[in-house]
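Residue numbers (the working numbering), protein chains in the order written: chain D, 675 to 897; chain L, 675 to 897.
Glycine is no exception: its CB is placed at the ideal position from the N, C-alpha and C atoms.
Number of protein chains: 2
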Amino acid sequence: MTSARKELFPLVSADVALFSIENGRLVVLLVKRANPPQRGRWALPGDVLKPDRDGSLEDTARRILRDKTGLEVPYLAQVATYSGPDRDPRGWSVSLLFHALVPVDEVPAVAGSKTEAVAWADAAAPGAGLAFDHARHIAAALGKLREKVERHALPLHLLPAKFTLTQLQRTVEAILDRDLEKSAFRRRLKAERSLVEVPGEFERGVQRPAQLYRAADGFEFAV
Amino acid sequence: MTSARKELFPLVSADVALFSIENGRLVVLLVKRANPPQRGRWALPGDVLKPDRDGSLEDTARRILRDKTGLEVPYLAQVATYSGPDRDPRGWSVSLLFHALVPVDEVPAVAGSKTEAVAWADAAAPGAGLAFDHARHIAAALGKLREKVERHALPLHLLPAKFTLTQLQRTVEAILDRDLEKSAFRRRLKAERSLVEVPGEFERGVQRPAQLYRAADGFEFAV
């Protein structure tokens with residue numbers, strides 16, 4: 675590609691911050707870059723738009739996640755778009771950042787391929803030396819997730835289909851990185867009418883099994 | 675451009691929903707397209723990215739507004755990114771939508787140029803037959819503005835530097851398109867500590883002039 679053409683057509687790509695819960699912590703998926711630029715550094719999974727294959731940048735993001743994890747994620751949303759001449763050594767670039775959630779019980783064994791290592795990192799402290807501007811990306815994706823959970827959304831897409839109220843509270847706490855007051859949290863759930871009991875179903879393998887809940891039909895305030 | 679190259683490099687552009695208040699109504703700026711595609715239809719002001727001139731897509735948006743209105747807007751933020759092969763007849767395209775606010779007392783006389791008509795339209799009912807997917811764009815930009823105002827932000831960038839509490843309430847009402855209860859609104863202002871009185875300054879030209887206020891120093895919850 676000649677320099678003049680490079681200047682006219684920016685590189686367009688999607689990056690995805692895929693969150694899950696591991697041992698009670700909020701974690702984000704990282705991939706060790708197998709190719710230049712920044713080969714060998716950890717980064718969010720991302721790829722350039724393939725206009726012949728992708729019907730939208732949302733499709734690009736879903737393709738990336740399928741390729742890296744084999745997953746069809748239940749929740750994917752835009753976080754922000756980053757652009758400029760200095761983000762990527764290949765030239766003027768535009769990247770649309772998404773965040774996505776995968777339920778704790780569907781987290782794939784992310785073994786990677788021959789060329790690429792993948793790993794879950796602590797979302798609030800993903801480590802130093804990430805590629806490109808991906809440290810900032812992760813902070814933005816986490817910030818947007820926290821904002822939604824603070825406001826009115828419940829992180830139902832991080833939970834199994836049936837869950838206890840304690841599991842839900844622990845998940846919100848893992849996202850916000852602080853403890854919540856139990857009675858205030860349960861009042862909020864009651865006010866939002868977002869959950870329904872699963873009749874006769876209780877937690878297994880514990881001494882005093884708790885009632886299981888699921889999202890109410892048509893409930894829209896889930897991330 | 676050959677078809678193969680078109681497929682590799684999508685068209686990247688920015689569109690801006692510029693809101694203001696006119697006669698107590700929330701209005702949005704439209705431009706009549708002077709060139710194909712969709713010549714003659716009303717659209718949001720927009721332009722393709724110029725990588726040699728723009729340091730980011732935010733720069734593209736600010737350049738568009740300078741060209742159409744001569745304004746440097748005090749508030750500009752991303753709404754969402756739209757992408758796909760069918761949005762624009764020129765091929766696979768990516769457009770980053772921004773919303774921006776201009777204070778009621780700085781609204782420019784948008785007379786347009788020889789080739790281009792510009793006009794303010796009712797933001798909640800901008801008319802039928804807009805170009806591209808811009809009806810959806812305006813709804814999304816308005817939705818995001820409403821969400822911010824509902825949550826905790828005040829539309830201070832739509833107001834003059836000094837304003838009465840009634841002017842502020844009317845502006846919030848124009849955005850939300852519903853009346854607010856005065857005492858609840860004033861309690862919220864008091865709780866947020868977002869405003870301070872301008873000592874000794876009052877509204878002019880009315881029988882019972884009201885106290886003027888300004889945003890508190892360092893107040894961050896303004897749109």
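At a beta-carbon threshold of 7 Å, the residues of chain D lying near L/GLN752 are ALA754 and THR755, ordered along the chain. Sequence-distant Cβ neighbours of L/ALA835 in its own chain, meaning closer than 7 Å and more than five residues away, are ARG888. Around the CB of L/ASP851, fewer than 16 other CB atoms lie within 10 Å, so the residue is classed as exposed.
In terms of Cβ geometry, D/LEU731 and L/SER769 do not form a close pair [threshold 7 Å].
The residue among L/ASP853, L/HIS831 and L/GLY765 with its C-alpha nearest the C-alpha of L/PHE806 is L/GLY765. In the DSSP annotation of this structure, D/ARG852 is not part of any alpha helix (DSSP H), being labelled neither H nor E. Assigned with DSSP and collapsed to three states, L/ASP779 falls in helix. Assignment of alpha helix (DSSP H) within the stretch 811 to 886 of chain L, counting only whole runs of 4 or more residues, yields 839 to 850 and 856 to 866 in chain order. Within a 10 Å sphere around the beta-carbon of D/PHE693 sit 16 or more other beta-carbons, which makes this residue buried.
For D/LEU692, no alpha helix (DSSP H) run applies; the uninterrupted beta strand (DSSP E) run containing it begins and ends at 685 to 696, by DSSP.
Of all residues in the stretch 800 to 827 of chain L, those with a C-beta nearer than 8 Å to a C-beta of chain D are ARG825, reading in chain order.
Interface criterion met: the Cβ of D/PRO725 is under 7 Å from a Cβ in chain L. For D/LEU750, same chain residues with a beta-carbon under 7 Å away, outside a window of 5 residues either side, are GLU732, ALA735, ARG736, PHE772 and ALA774 in chain order. Inter-segment contact for the stretch 859 to 872 of chain D and the stretch 707 to 725 of chain D is absent: fewer than three beta-carbon pairs are separated by less than 8 Å. Closer than 7 Å to the CB of L/LEU771 there is not a single CB belonging to chain D. The beta-carbon separation of L/GLU855 and L/TRP794, rounded to 29 Å, does not stay under the 8 Å limit for a contact. Inclusion of L/LYS818 and L/VAL897 in the CB contact set at 7 Å is not warranted, their separation being larger than that value.
One thing to note: D/PRO883 has its Cβ within 7 Å of the Cβ of D/GLU877.
In the DSSP assignment, the residues bridged to D/ARG888 are D/VAL870.
The secondary-structure analysis by DSSP pairs L/ARG737 with nothing; it has no beta-bridge partner.
Proximity of chain D to L/GLY758 at the Cβ level (cut-off 7 Å) is accounted for by GLY729 and SER730, in chain order. A distance of 7 Å or more separates the beta carbons of D/HIS826 and D/PHE893. Taking all protein chains in view, the Cβ of L/SER767 is crowded by 16 or more other Cβ atoms within 10 Å, so the residue is classified as buried.
An exposed status is given to D/ARG867, since fewer than 16 other beta-carbon atoms sit within 10 Å of its beta-carbon.
The residues LEU886 and TYR887, in chain order, have a CB closer than 7 Å to that of L/PHE837 in the same chain once the five nearest residues on each side in sequence are set aside.
For D/VAL897, there are no C-beta contacts with chain L under 8 Å, since the nearest C-beta of that chain is about 15 Å from it. Interface criterion met: the Cβ of D/VAL768 is under 7 Å from a Cβ in chain L.
L/GLN752 is bridged by DSSP to L/PHE772.
In the three-state reduction of the DSSP assignment, L/LEU704 falls in the strand class.
Within the model, the alpha-carbon separation for L/PRO829 versus L/GLN843 is close to 10 Å. The straight-line gap separating the alpha-carbon atoms of L/LEU704 and L/ALA717 is approximately 5 Å. In the DSSP assignment, L/ALA791 forms no beta bridge with any residue.
Checking the DSSP bridge columns, you'll see L/GLY758 partnered with L/SER767. Around the beta carbon of D/THR840, fewer than 16 other beta carbons lie within 10 angstroms, which makes this residue exposed.
Bridge partners of D/GLY720 according to DSSP: D/ASP689.
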